[in-house]
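Residue numbers (this note's numbering), protein chains in the order written: chain A, 1 to 201; chain B, 1001 to 1201.
Cβ atoms here follow ideal geometry from the backbone N, Cα and C, with glycine treated the same way.
These figures come from a predicted structure and were not determined experimentally.
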DNA sequence: CAATTATGTTGACAGTGGAAACTTGGAGCC
DNA sequence: GGCTCCAAGTTTCCACTGTCAACATAATTG
């Protein structure tokens, strides 16, 4: 049987739906994403996804999980191997916001608790892996004295500070609260906003 | 005529719809917000808002604008008058995230370009005012050396760094990516994440 | 007082996600 | 082989959404 010949049983509908959802996000944005539109793109009825994902939330969660995997991959792809930690941290952070700017709809979906179920195990795992790429580079970061008692885990505090800063820039840029140049990119690039951290050790 | 007696012409439908929308956001969250639900709460047909706001987007934009005004007020209410700039900056930042944690649905709406029109003049003005409360305290902030040529406005870069950090924390907390304690608040409070800035002058 | 304009209402429409009943194909079992 | 059973899709319906056009009513204005 030819590859793209129609069969009653699709065979790989699950992956096909996720792929169609990712494509649709790029083309039509988050507002253009609907269960029916995804199903139509694959060529199945709008209730077919229910068998595999339970409902729209299940499908969007799977799409978001794939998004997190690509997000992690995008950051790691930018990591220069031999470079010092400062350079590597900078590269990861720029990979983070770069992915968000390149795939704004997908990024919005990934962090939209209204559309995807954060309790989904696959999604949770993918999100944790993605976060770890960035926060893993925060170890031993030289950071101005913090205000609270040192009893609170300094490593954890630094990780959250770093993640907050990077994620905040990405979010604000995507939400349209950042002035953009003629190239569509924020006039103040992330590299100009992120400070030049050093390391303690 | 009694105050709450039904009249064909409501008289203050515009404000009533915005108020109802704000209430609905608190009670039912962003997913529970709909044009029909807001209209029903006011006791008016679901097409009545069109005369005043043009459509759902116009109404949500007005709600978001009011949200930004309250956001600014919440920050300023926390500002200690006589205190030094470091203390004032900290207070404003905590007011920022405090408002987001207290009114997550409204905060999400305020920064959701899919639901409200960022070109709405009233919304733009309110958002700018709110942002200015925070970034106004960033002047002269002592900040580790930045990586880009100093030719780029240092003040602007510091403002964006500060806003990104604060907004990122709020966003991540609301999106459910931050572990919470039994009180529903993030286990790592913002005060523990925000560094203790000094000032140059 | 008459006419016009602002303000709401009614009813219809295309779109959404979800549920129930039905159909189809394949896989396993005797 | 023939049989059953179950997973996978389809069809049909439902409640709900925002928008639109046509209409009704109140308030204002000349």
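Helix, strand or coil at residue 1012(B) [DSSP, three-state]
The residue labelled residue 1012(B) in the question sits at position 12 within the second chain. Note: residue 1012(B) maps to coil in three-state DSSP.
Nearest-angstrom Cβ-Cβ length linking residue 62(A) and residue 122(A), presumed shorter than 8 Å:
Locating residue 62(A) in the first chain gives position 62, where the first residue counts as 1. Locating residue 122(A) in the first chain gives position 122, where the first residue counts as 1. Taking the Cβ atoms as the reference, residue 62(A) lies roughly 7 Å from residue 122(A), within the contact range of under 8 Å.
Which parts of the region 1030 to 1093 of chain B are runs of the alpha helix (DSSP H), unbroken and 4 residues or longer, counting only runs that do not cross its ends?
Complete alpha helix (DSSP H) runs here, min 4: 1035 to 1042, 1049 to 1053 and 1056 to 1077.
Within 8 Å (strictly less), CB to CB, does residue 80(A) reach chain B?
Counted from its first residue, the first chain places residue 80(A) at position 80. No, no contact with chain B.
Taking any Cβ of chain B, which residues in the region 42 to 69 of chain A have a Cβ under 9 Å from it, in chain order?
none
Show which residues of chain B have a CB atom less than 8 Å away from the CB atom of residue 126(A).
Along the first chain, read from residue 1 onward, the residue named residue 126(A) stands at position 126. Below the 8 Å Cβ cutoff, chain B contributes no neighbours of residue 126(A), its closest Cβ being approximately 12 Å away.
So who's on the other strand from residue 198(A), going by DSSP bridges?
As a position in the first chain, residue 198(A) is number 198, starting the count at 1. According to DSSP, residue 198(A) bridges with 142(A).
Below 8 Å on the Cβ atoms is my guess for residue 163(A) versus residue 135(A); work out the distance and round it to an integer in Å.
Your numbering for residue 163(A) matches position 163 in the first chain. Your numbering for residue 135(A) matches position 135 in the first chain. Confirmed, about 6 Å.
State yes or no: is the beta carbon of residue 144(A) nearer than 8 Å to at least one beta carbon in chain B?
As a position in the first chain, residue 144(A) is number 144, starting the count at 1. For residue 144(A), the answer is yes, since a Cβ of chain B falls inside 8 Å of its Cβ.
For the candidate residues 173(A), 196(A), 197(A) and 195(A), whose alpha-carbon lies nearest to that of residue 186(A)?
Position 186 of the first chain, counted from the start, is the residue given in the question as residue 186(A). Out of 173(A), 196(A), 197(A) and 195(A), the CA that lies nearest to the CA of residue 186(A) is found in 173(A).
Can you pull the chain A residues whose beta carbon is under 8 Å from the beta carbon of residue 1130(B), in chain order?
Numbered from its first residue, the second chain carries residue 1130(B) at position 130. The contacting residues do not exist; residue 1130(B) stays about 11 Å from chain A at best.
Note the first and the last residue of the continuous alpha helix (DSSP H) segment covering residue 168(A).
Here residue 168(A) refers to the residue found at position 168 of the first chain. Here the alpha helix (DSSP H) through residue 168(A) covers 154 to 174.
Can you name the residues that DSSP bridges to residue 180(A)?
The residue labelled residue 180(A) in the question sits at position 180 within the first chain. Residue 180(A) is bridged to 186(A).
Considering residue 113(A), what are the terminal residues of the alpha helix (DSSP H) in which it resides?
Position 113 of the first chain, counting from 1, holds the residue named residue 113(A). Careful: residue 113(A) lies outside any alpha helix (DSSP H) and carries neither H nor E.
Nearest to residue 14(A) by alpha carbon, out of 33(A), 127(A) and 54(A)?
Within the first chain, numbered from 1, the residue matching residue 14(A) stands at position 14. Taking only the C-alpha atoms, the option nearest residue 14(A) is 54(A).
For chain B, is any of its Cβ atoms less than 8 Å away from the one on residue 166(A)?
Stepping through the first chain from its first residue, residue 166(A) is reached at position 166. At least one chain B Cβ lies under 8 Å of residue 166(A).
Checking 8 Å against the spacing of the C-beta atoms, do residue 1105(B) and residue 1068(B) come in under that value?
For the purposes of this step, residue 1105(B) is taken as residue 105 along the second chain, with counting starting at 1. For the purposes of this step, residue 1068(B) is taken as residue 68 along the second chain, with counting starting at 1. Cβ distance not < 8 Å, so residue 1105(B) and residue 1068(B) don't count as in contact.
Taking 8 Å as the threshold (beta carbon to beta carbon), is residue 169(A) in contact with chain B?
What you label residue 169(A) is simply residue 169 of the first chain in a count that begins at 1. Answer yes: the Cβ-Cβ gap between residue 169(A) and chain B drops below 8 Å somewhere.
Inter-residue spacing [alpha-carbon to alpha-carbon] between residue 1002(B) and residue 1078(B)
For the purposes of this step, residue 1002(B) is taken as the residue at position 2 of the second chain. For the purposes of this step, residue 1078(B) is taken as the residue at position 78 of the second chain. Reliability fails at residue 1002(B), whose pLDDT of 36 lies under 50, so the model's placement of it is uncertain and the value that follows must be treated cautiously. Each residue's Cα considered, the two are about 39 Å apart.
Rounded C-alpha distance that separates residue 1074(B) from residue 1096(B)
To locate residue 1074(B), count along the second chain from 1; it is residue 74. To locate residue 1096(B), count along the second chain from 1; it is residue 96. A straight line joining the alpha-carbon of residue 1074(B) with that of residue 1096(B) spans about 8 Å.
Just curious, the alpha helix (DSSP H) that residue 120(A) is in, first and last residue?
Mapped onto the first chain, residue 120(A) falls at position 120. First-last for residue 120(A): undefined, no H or E at that position.
Compare the C-beta of residue 188(A) with all C-beta atoms of chain B and state if any pair is closer than 8 Å.
Indexing the first chain from 1 puts residue 188(A) at position 188. The beta carbon of residue 188(A) falls within 8 Å of a beta carbon belonging to chain B, placing the residue at that interface.
With three or more C-beta pairs closer than 8 Å as the rule, is the region 1023 to 1037 of chain B touching the region 1084 to 1093 of chain B?
Not touching, per the Cβ criterion.
Using the Cα positions of residue 1144(B) and residue 192(A), report the straight-line distance between them to the nearest angstrom.
Translated into the one-based positions of the second chain, residue 1144(B) becomes position 144. Translated into the one-based positions of the first chain, residue 192(A) becomes position 192. Each residue's Cα considered, the two are about 12 Å apart.
Mind pulling the chain B residues with CB within less than 8 Å of residue 152(A)?
Translated into the one-based positions of the first chain, residue 152(A) becomes position 152. Correct list: 1188 and 1192.
Cβ-based burial, residue 200(A) [other Cβ within 10 Å; buried from 16]:
Stepping through the first chain from its first residue, residue 200(A) is reached at position 200. Classification for residue 200(A): exposed.
Straight-line gap, residue 1152(B) to residue 176(A) (C-alpha atoms, nearest Å):
Locating residue 1152(B) in the second chain gives position 152, where the first residue counts as 1. Locating residue 176(A) in the first chain gives position 176, where the first residue counts as 1. Cα-Cα distance, rounded: 21 Å.
Counting C-beta neighbours from all protein chains within 10 Å, is the total for residue 46(A) 16 or more, i.e. buried, or is it exposed?
Here residue 46(A) refers to the residue found at position 46 when the first chain is read from its first residue. Label assigned to residue 46(A): exposed.
Candidates 49(A), 39(A) and 64(A): which alpha carbon is nearest residue 114(A)'s?
Start at 1 with the first residue of the first chain, and residue 114(A) comes out as number 114. The candidate whose alpha carbon is nearest that of residue 114(A) is 64(A).
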